[in-house]
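Here the structure is laid out as structure tokens; the discussion comes afterwards.
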Amino acid sequence: MTARLVSTLASPSDVVFTPSVKARQEENGSRAGYANFEASRGWESRVTPILAEFIAAQTSFYMATANAQGQPYMQHRGGPRGFLHVLDEQTLAFADYAGNKQYITAGNLDENPKAQLFLMDYANAQRVKIWGEAKVVTGDQELTARVSSPDYAAKVERVIVFTLKAWDANCPKHIPQLLKAEDVIPVIRERDQKIAALESRLKALEEKLMS
487 MTARLVSTLA SPSDVVFTPS VKARQEENGS RAGYANFEAS RGWESRVTPI
537 LAEFIAAQTS FYMATANAQG QPYMQHRGGP RGFLHVLDEQ TLAFADYAGN
587 KQYITAGNLD ENPKAQLFLM DYANAQRVKI WGEAKVVTGD QELTARVSSP
637 DYAAKVERVI VFTLKAWDAN CPKHIPQLLK AEDVIPVIRE RDQKIAALES
687 RLKALEEKLM S
């Protein structure tokens, strides 16, 4: 469906571990550890079953792009659970819903395809960073139907197709634990029902003892 990226990198992590980054790592004592990791296994450069499962559970993520001058832009993307689709082991896609009509992400991709997806699971303190290249697709009815969610009311204006180059699931430190209302409300409702039932039984017992 999309052209495959031909990597000239020695390691997938070299997409961000540039010479200047490695110099900083060397200066701060972490370069040797990362070099050993890269030599033995390193970052993944394809969608694994574990990553696919993680992606399917998400209802939002952040997408970073930059224009031709290098000016960065970060945008939140949201939708129904699983709205970011895995098309194959190198390709992701999602429906781009109507928004504030600034079109910054789309415009940036027209002149600079490099992009990053940042996925957060606050409840389980997990985060995934995905690097690659993205493009805007319009007029492909089959692809649009594949990534659309019939039960989601928002209008699909275009599809963003993302070709994966590298990804990393990194340190869970400093991630606040935030729970989704849809997960918490049923638990709270069940608790309240149990409390109400216990209070009713207690009141009946008190009335019986007082009679």
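The numbering of the sequence shown is the working numbering, which starts it at 487 and goes up by one.
In this text, a Cβ means the ideal position worked out from N, Cα and C, and glycines have one as well.
These numbers come from a predicted model, not from an experiment.
Residues near residue i in its chain [Cβ-Cβ closer than 8 Å; skip 5 each side]
| i | result |
| --- | --- |
| residue 619 | 491, 599, 600, 601, 648, 649, 651 |
| residue 739 | The question about residue 739 has no answer, for the chain in this structure spans 487 to 697. |
| residue 532 | 575, 576, 650 |
| residue 519 | none |
Three-state class that DSSP yields for residue i in the structure shown
| i | result |
| --- | --- |
| residue 541 | helix |
| residue 501 | helix |
| residue 487 | Its pLDDT being 36, under 50, residue 487 is placed unreliably by the model, and nothing is read from it. |
| residue 546 | strand |
Proximity of residue i and residue j at Cβ, strictly below 7 Å
| i | j | result |
| --- | --- | --- |
| residue 616 | residue 603 | yes |
| residue 597 | residue 554 | yes |
| residue 699 | residue 611 | For residue 699 there is no data in the structure shown, the boundaries of the chain being 487 and 697. |
| residue 506 | residue 529 | no |
| residue 548 | residue 594 | no |
| residue 655 | residue 614 | yes |
Residues near residue i in its chain [Cβ-Cβ closer than 6 Å; skip 5 each side]
| i | result |
| --- | --- |
| residue 592 | 622 |
Neighbourhood of residue i by C-beta distance below 7 Å, restricted to the same chain and skipping five residues each side
| i | result |
| --- | --- |
| residue 501 | 495, 617, 651, 652 |
| residue 678 | none |
| residue 633 | 571, 579, 580, 581, 645 |
| residue 699 | Only positions 487 to 697 of the chain appear in the structure, and residue 699 is not among them; the question remains open. |
Burial state of residue i, where buried means 16 or more other Cβ atoms lie within 10 Å
| i | result |
| --- | --- |
| residue 563 | buried |
| residue 624 | exposed |
The segment 575–592 / the segment 637–654 touching (three or more Cβ pairs under 8 Å): yes
Stretch pair the segment 536–554 + the segment 566–575: three plus CB contacts closer than 8 Å: yes
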